[in-house]
Amino acid sequence: MKIYPIISLSADSNTYLLEDEETKAVCIIDPGYTSEHLKRIISVLNETKKFSCFIINTHCHYDHIANCEHFKGVKICLHRNDGEAVSEQKDEKILSYFFGMKVPKINSIEFVDDNEIINLGKTTLKILHTPGHTSGSISVYEEKTKSLFSGDLVFSGGVGRTDLASGNFEQLKDSIDKILKLNFKTLYPGHGKIGNYENVKMIRKFI
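Heads up, the numbering used here is the position in the sequence shown plus 3, with the first residue counted as 1.
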């Protein structure tokens, strides 16, 4: 599996494009919300002659999901706890008002659950329900490369907020314990720099 990171070192979210190198199938994790996110996604897809076969959103917050509405007819995967908020346009959970924007209209949502396997060509992606930042937060694990895409559960230097709608600090700690059992190598967080297992292990000691 090849990973194309679109990293923002500001407050903007990170986006990741995953490619199965044998079949050339592509998945987008958290397509973000800015026009710059969208331009960079399209640039990668065009330059590498790839296509987007589906999208995985780690949770329902606006800064991670808004650009989904530009990918018409593309399957969009969310955990039910957050996916229902998106399909019903519940802004108290989506938080588009934080950004002074309207709630995005997103269709083609497919609910995913804990331990569900999604095939990206010949690559296997495992969905982990990791609530805490939101009740429907998920992480995505790829075993061969030992890559973990954590959304806003945990970053290379801290953890996600739990004071927003459906956030829960005790659940967040339990979710971090859950991902630490994977012994992953590389952490691809929803914001900030790419990290590793030791970063998360150290963070867990202090929360």
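Where a beta carbon is used, it is the ideal one built from N, C-alpha and C, also for glycine.
Ignore the nearest five residues each way along the sequence and tell me which others in residue i's own chain have a CB closer than 6 Å to its CB.
i      : result
Glu24  : Lys5
Phe102 : Tyr65
Gln92  : Val106
Phe114 : Arg83, Gly86
Cys80  : Ile59, Glu113, Val115
If you drop the 5 nearest sequence neighbours on each side, which residues of the same chain put their C-beta closer than 8 Å to that of residue i?
i      : result
Val47  : Tyr7, Ile9, Leu20, Lys53
Lys188 : Thr148, Lys149, Ser150, Asn199, Tyr200
Tyr100 : Asp94
Arg43  : Ile9, Thr18
Asp116 : His82, Arg83, Ile130, His132
Glu146 : Thr127, Lys129
Provide the residue(s) that pair with residue i in DSSP beta bridges, ordered along the chain.
i      : result
Phe152 : Val143, Tyr191
Tyr211 : Any answer about residue 211 is impossible in this case: the structure gives the chain only from 4 up to 210.
Phe102 : In the DSSP output, where bridge partners are listed per residue, Phe102 has none listed.
Leu74  : For the sequence presented, residue 74 should be read as Phe rather than Leu. In DSSP, Phe74 forms no bridge with anything.
Asn49  : Answer is none; Asn49 lacks a bridge partner.
Gly160 : Per DSSP, none; premise fails for Gly160.
Leu123 : Thr126
His132 : Ile141
Ile79  : Ile58, Ile112
Asn199 : Thr189
Which whole-angstrom value describes the C-beta separation of residue i and residue j, a residue pair presumed to lie in contact below a C-beta threshold of 8 Å?
i      : j      : result
Thr133 : Ile141 : 6 Å
Asp94  : Gly193 : Actually they are not in contact, since the Cβ atoms of Asp94 and Gly193 sit about 20 Å apart, beyond 8 Å.
Val203 : Leu183 : 6 Å
His3   : Gly139 : In this structure the chain extends from 4 to 210, so residue 3 is not present and cannot be described.
Glu50  : Lys108 : Not quite, the Cβ-Cβ distance comes to about 29 Å (not below 8 Å), so this is no contact.
Phe74  : Ile58  : 6 Å
Phe158 : Thr165 : That pair is no contact at about 14 Å.
Expressed to the nearest angstrom, what Euclidean distance is found between the alpha-carbon atoms of residue i and residue j?
i      : j      : result
Ile206 : Tyr144 : 19 Å
Gly160 : Ala168 : 23 Å
Ile68  : Met104 : 13 Å
Cys63  : Ser16  : 13 Å
Asn118 : Gly163 : 22 Å
Ile179 : Leu131 : 11 Å
Gly124 : Val89  : 27 Å
Ser153 : Lys208 : 18 Å
Lys176 : Tyr65  : 24 Å
Ile210 : Gln174 : 12 Å
Gly86  : His136 : 15 Å
Lys196 : Ser11  : 8 Å
Lys181 : Asp155 : 15 Å
Tyr191 : Leu128 : 14 Å
Ser38  : Ile45  : 11 Å
Gly170 : Thr26  : 38 Å
Lys78  : Ala14  : 27 Å
Evaluate residue i with the Cβ neighbour count: other Cβ atoms within 10 Å of its Cβ, from every protein chain shown; 16 or more gives buried, anything less gives exposed.
i     : result
Asn60 : buried
Glu22 : buried
Run the proximity test for residue i: is its beta-carbon closer than 6 Å to any non-hydrogen atom belonging to the ligand FAD?
i      : result
Thr137 : For the structure depicted, the ligand FAD is absent and the ligand set is empty, with no information on it obtainable.
Below 7 Å CB to CB, which residues in the same chain sit around residue i once its five sequence neighbours on both sides are set aside?
i      : result
Cys56  : Ala28, Val29, Cys30
Gly76  : Ser111
Asn70  : Pro34, Gly35, Tyr36, His40, Leu41
Thr122 : The residue you asked about is not Thr; residue 122 is Asn in the sequence shown. None.
Kindly say whether residue i, judged by its beta-carbon, lies nearer than 7 Å to any beta-carbon of chain B.
i     : result
Ala14 : The displayed structure is made up of one protein chain only, and chain B is not part of it.
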